[in-house]
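There are 2 protein chains.
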Amino acid sequence: MGATKTYIFSTKQNDLAKIAKVLAHPARVAILEYISKQDACICTDLVDIIGLSQPTISQHLNEIKKIGLLKGTFEGKNLCFCIDPERWKELQETFHLFFSNINRNCC
Amino acid sequence: MGATKTYIFSTKQNDLAKIAKVLAHPARVAILEYISKQDACICTDLVDIIGLSQPTISQHLNEIKKIGLLKGTFEGKNLCFCIDPERWKELQETFHLFFSNINRNCC
DNA sequence: ATTGTATATTGCAATATTACGATGATATAT
DNA sequence: ATATATCATCGTAATATTGCAATATACAAT
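The listed protein sequences derive, respectively, from chains Y and F.
Here the first sequence stands for residues 0 to 106, where the numbers follow numbering that gives the first Met the number 0.
Here the second sequence stands for residues 0 to 106, where the numbers follow numbering that gives the first Met the number 0.
Below is the structure:
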């Protein structure tokens with residue numbers, strides 16, 4: 000009990016849910032918005048700007064990274080987080096399809 | 000500790016997160032897909048089709064209802080759950096905007 | 001080598017979510 | 001009236017998420 004029964008659902012359904020889960024926290028939405036606003040690759044002022052502790056930000060970034068949305072240099076100092084445009088487009092398309100394939104003629 | 004610090008974020012960010020949270024479970028994705036496939040308003044065969052218990056389905060439906068996505072008769076027998084097309088369009092637009100407003104020129 | 005800066009990891013407490021059995025409520029059919 | 005079918009609610013157990021302090025790691029500059 001308690002755990003999501005993923006095996007009951009299709010891969011597509013689980014995938015959409017997984018992506019949505021990443022967007023399901025305002026901090027991650029804010030992080031994505033902020034990163035996207037930067038013209039150049041800006042490293043983590045996120046702690047100051049968002050107002051959560053460094054470990055917490057790091058965790059959120061990791062969730063975003065897990066679904067392949069972050070690209071850049073991930074070693075040492077001067078990390079460089081930026082959005083992977085290919086993956087971004089994929090997600091955009093995933094949501095677009097989901098919202099389009101709904102038949103709204105009802106009641 | 001432990002609770003999301005919603006007060007740190009903007010209304011828009013919180014709203015998007017809230018909507019995404021509803022889509023962040025495969026059962027709710029499946030429910031929405033199923034309801035949308037029905038031409039007429041079909042009541043809850045969801046328990047059989049999805050494979051979760053009736054109380055669990057009921058809870059998930061409630062989450063979907065909370066963000067205004069369900070419309071219909073909610074009393075007595077022969078309930079009638081269907082998607083509110085207006086609200087659906089709003090959510091679609093919300094995601095569309097989010098995915099469009101991202102500057103992907105980076106790295 | 002040492003110090004400073006940037007990020008990751010660990011461990012843990014608080015809270016939220018998921019799932020279901022039991023029970024309750026309401027409507028329809030017999 | 002009684003039975004049945006449909007859904008909601010309550011209580012509770014299992015699990016997941018959120019957040020941070022403490023600590024570790026990695027590199028750059030001195």
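Note that the Cβ used here is the ideal one computed from N, Cα and C, for glycine as well.
Is residue j closer than 8 Å to residue i when the C-beta atoms are compared?
{"i": "L68 of chain Y", "j": "D83 of chain Y", "result": "yes"}
{"i": "R86 of chain F", "j": "E62 of chain F", "result": "no"}
{"i": "C81 of chain Y", "j": "K65 of chain Y", "result": "no"}
{"i": "H24 of chain Y", "j": "T10 of chain F", "result": "no"}
{"i": "I101 of chain Y", "j": "S99 of chain F", "result": "no"}
Within a Cβ cutoff of 8 Å, which residues of the same chain sit near residue i, ignoring the five residues on either side of it in sequence?
{"i": "I49 of chain Y", "result": "A26, A29, I30, Y33 and I56"}
{"i": "S52 of chain F", "result": "V46"}
{"i": "K17 of chain F", "result": "I66"}
{"i": "E92 of chain F", "result": "none"}
Could you round the C-beta distance between residue i and residue j to whole angstroms and report it? I think they count as a contact, below 8 Å.
{"i": "L22 of chain F", "j": "L15 of chain Y", "result": "7 Å"}
{"i": "F94 of chain Y", "j": "F8 of chain F", "result": "That pair is no contact at about 21 Å."}
Does DSSP put residue i in a helix, a strand or coil?
{"i": "L152 of chain F", "result": "Chain F is shown only over 0 to 106; residue 152 of chain F falls outside these bounds and no answer can be derived."}
{"i": "I82 of chain F", "result": "strand"}
{"i": "L68 of chain Y", "result": "coil"}
{"i": "T5 of chain Y", "result": "helix"}
{"i": "A19 of chain Y", "result": "helix"}
{"i": "I101 of chain Y", "result": "coil"}
{"i": "D14 of chain F", "result": "helix"}
{"i": "H95 of chain F", "result": "helix"}
{"i": "Q109 of chain F", "result": "Residue numbering for chain F in the displayed model covers 0 to 106; residue 109 of chain F lies beyond these limits and cannot be assessed."}
{"i": "H24 of chain F", "result": "coil"}
For residue i, which residues of its own chain have a beta-carbon under 6 Å away from its beta-carbon, when the five flanking residues on both sides are left out?
{"i": "N13 of chain Y", "result": "T5"}
{"i": "Q58 of chain F", "result": "none"}
{"i": "K88 of chain Y", "result": "none"}
Please return the same chain residues whose Cβ sits closer than 7 Å to the Cβ of residue i, not counting the five positions on each side in sequence.
{"i": "F97 of chain F", "result": "L15"}
{"i": "Q37 of chain F", "result": "none"}
{"i": "K20 of chain F", "result": "none"}
{"i": "P54 of chain Y", "result": "none"}
{"i": "G1 of chain F", "result": "none"}
Inset, instruction - Quick one: which residues of the region 7-21 of chain F get their C-beta closer than 7 Å to a C-beta of chain Y? List them in chain order. - result: I7, F8, Q12, N13, L15, A16, A19 and K20
Legend entry - Interface residues of the region 30-59 of chain F facing chain Y [CB-CB below 8 Å]: L31, E32, I34, S35, K36, Q37, D38, A39, C40, I49, G50 and L51
Inset, instruction - Return the residues of the region 62-73 of chain Y that lie within a Cβ-Cβ distance of less than 8 Å from chain F, sorted by chain order. - result: K70 and G71
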